[in-house]
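**Q** If you want this note's numbering, it's the position in the sequence shown, counting the first as 1, plus 22.
Glycine is no exception: its CB is placed at the ideal position from the N, C-alpha and C atoms.
Structure provided below as structure tokens; questions to follow.
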Amino acid sequence: MSTAVRVERSGPGRSVARVTIDRPEQRNALSTEVIDGLAAAFAGFAAEPANGLRAVVLAGEGKAFCAGADVAWMRLATTMTRDENEAQAATLGRLFLAIDACPVPVVARVHGPALGGGAGLLCVADVVIAEGGAVTGFPEVRLGLAAATIAPYVVRRIGEGQARTLFTTGVRIDALEAQRVGLVNWVVDDTDALDAAVDEAIAGILAGAPEAVRAAKALVRDLALGHAGPATRYPEAMASRLADRRASPEAAEGLAAFLERRRPSWAPGEDA
Numbered sequence: 023m024s025t026a027v028r029v030e031r032s033g034p035g036r037s038v039a040r041v042t043i044d045r046p047e048q049r050n051a052l053s054t055e056v057i058d059g060l061a062a063a064f065a066g067f068a069a070e071p072a073n074g075l076r077a078v079v080l081a082g083e084g085k086a087f088c089a090g091a092d093v094a095w096m097r098l099a100t101t102m103t104r105d106e107n108e109a110q111a112a113t114l115g116r117l118f119l120a121i122d123a124c125p126v127p128v129v130a131r132v133h134g135p136a137l138g139g140g141a142g143l144l145c146v147a148d149v150v151i152a153e154g155g156a157v158t159g160f161p162e163v164r165l166g167l168a169a170a171t172i173a174p175y176v177v178r179r180i181g182e183g184q185a186r187t188l189f190t191t192g193v194r195i196d197a198l199e200a201q202r203v204g205l206v207n208w209v210v211d212d213t214d215a216l217d218a219a220v221d222e223a224i225a226g227i228l229a230g231a232p233e234a235v236r237a238a239k240a241l242v243r244d245l246a247l248g249h250a251g252p253a254t255r256y257p258e259a260m261a262s263r264l265a266d267r268r269a270s271p272e273a274a275e276g277l278a279a280f281l282e283r284r285r286p287s288w289a290p291g292e293d294a
């Protein structure tokens, strides 16, 4: 594992992974080391079973979440051949795909700058929680670039209209505006409240059945990407998915727990 990325486990059965970009002096900018570290972490998560991994928290050490691409890393790209540039960009693109396809919910804990690729990370997370002082945006055009690698995820999350505005102006927006346009889900006052809100989000995820939570995420992603088939087949396709869940051991346990007024087996805590 890269020294620029720290992975820790917590929660019931160590089922919550906390991934921290650990380059505070560089405001956690994306570099080869960071990309490799994140890619290794999320490749490992993809192979974990439902009862082994239930949620991921993505954060940044120090005063920033992720300030975008490392300047030295970007400068190096100007000396590369076209093929080398494409290969490097494809590596970054595969990282965003891996995070987006992570089978469990990814909760982004956002503070300080989340710019460029850092803003892209928000768009591949499932829950984005930001403290009030966070700022985000896509400044690529001001460096003579375009936000191509992250564009599919940004457009999917906030829509074409908002993406056109933010991509072409390169403006920075605060946390409340980011929430308004759809980049952020919840905004809190400070870092203490940020940690509390992240814990609340994780508690909500852990209250759900592990396989059901994965199925719910996959359902939304498949619909967004068109993987669920044509709309004319939705009645049958959605009925099939629901029937699968109704026939699952988790559904039997969840219904039994509800009727018996107890917590289901997967939920941490004590019975009411």
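Suppose the cutoff is 8 angstroms on Cβ atoms and the five residues either side in sequence are ignored; what does the same chain contact list for GLU83 look like?
**A** Cβ neighbours of GLU83 beyond the five flanking positions: ARG28, THR42, ILE43, ASP44, ARG45, PRO46 and ASN50.
**Q** Would you kindly report the start and end of the unbroken beta strand (DSSP E) that includes GLY82?
**A** Residues 77-82.
**Q** If distances are taken between C-alpha atoms only, which option among VAL38, GLY192, LYS85 and ASN73 comes closest to ALA63?
**A** When each option's Cα is compared against that of ALA63, the closest is VAL38.
**Q** Let's test the definition: count the other Cβ atoms within 10 Å of the Cβ of TYR256 and tell me whether it reaches 16, buried, or not, exposed.
**A** Result: exposed.
**Q** Where PRO125 and THR101 are concerned, what is the direct C-alpha to C-alpha distance, given to the nearest angstrom?
**A** If you take the alpha carbons of PRO125 and THR101, they lie about 37 angstroms apart.
**Q** On the criterion of 16 or more Cβ atoms from any shown chain inside 10 Å, does GLY166 qualify as buried, or is it exposed?
**A** So GLY166 counts as exposed.
**Q** From the DSSP output, read off the bridge partner residues of SER32.
**A** Beta-bridge pairing links SER32 to VAL38.
**Q** May I have the straight-line CA-CA distance separating ALA81 from ASN73, to the nearest angstrom?
**A** Each residue's Cα considered, the two are about 23 angstroms apart.
**Q** Roughly how many angstroms separate the alpha carbons of ALA294 and ALA229, rounded to a whole number?
**A** Any reading at ALA294 is ruled out, since the residue's pLDDT is 44, under 50, leaving its predicted position unreliable.
**Q** Going by DSSP, what residue range makes up the beta strand (DSSP E) through LEU137?
**A** Residues 135-137.
**Q** According to DSSP, is ALA278 helix, strand or coil?
**A** If DSSP states are grouped into helix, strand and coil, ALA278 belongs with the helices.
**Q** Quick check: the Cα distance between ARG202 and ALA289, rounded to an integer number of angstroms?
**A** So the two alpha carbons sit approximately 33 angstroms from each other.
**Q** Output needed for ALA99: all residues of its chain with C-beta closer than 7 angstroms, excluding positions within five of it in sequence on either side, in chain order.
**A** The residues are ASN107 and GLN110.
**Q** Checking 8 angstroms against the spacing of the C-beta atoms, do ALA219 and VAL210 come in under that value?
**A** It is a contact, given that the beta carbons lie within the stated cut-off.
**Q** Quick one: grab the DSSP three-state call for GLY230.
**A** Three-state DSSP puts GLY230 in coil, outside helix and strand.
**Q** Would you kindly report the start and end of the unbroken alpha helix (DSSP H) that includes THR54?
**A** From DSSP, the alpha helix (DSSP H) with THR54 extends over 54-68.
**Q** So which of ALA136, ILE172 and ARG164 has the shortest CA-CA distance to ALA112?
**A** Per the Cα distances, ILE172.
**Q** Does DSSP classify ALA147 as helix, strand or coil?
**A** Looking at ALA147 - three-state DSSP - the assignment turns out to be coil, as it is neither helix nor strand.
**Q** So, for PHE118: in the same chain, excluding its five sequence neighbours on each side, which residues have a beta-carbon less than 7 angstroms away from its beta-carbon?
**A** The answer, listed in chain order, is GLY142, VAL146, THR171, ILE172 and TYR175.
**Q** Among CYS88, ALA185 and GLU182, whose alpha-carbon lies nearest the alpha-carbon of VAL157?
**A** For VAL157, the nearest C-alpha among the options comes from CYS88.
**Q** Just list the beta strand (DSSP E) runs in the segment 149-227, keeping only unbroken ones of 3 residues or longer that don't cross its boundaries, in chain order.
**A** Whole beta strand (DSSP E) segments, 3+ residues: 149-153, 157-159, 194-196 and 208-210.
**Q** Based on the DSSP secondary-structure assignment, which residues constitute the bridge partners of ILE43?
**A** ILE43 pairs with VAL27 and GLY82.
**Q** With which residues is ALA91 paired in a DSSP beta bridge?
**A** Answer is LEU52.
**Q** Quick check: GLY90 and LEU137, are their CB atoms within less than 8 angstroms of each other?
**A** A contact, by the Cβ cut-off of 8 angstroms.
**Q** Identify the continuous beta strand (DSSP E) that holds ALA261 and give its terminal residues.
**A** Segment 256-268 is the alpha helix (DSSP H) holding ALA261; no beta strand (DSSP E) there.
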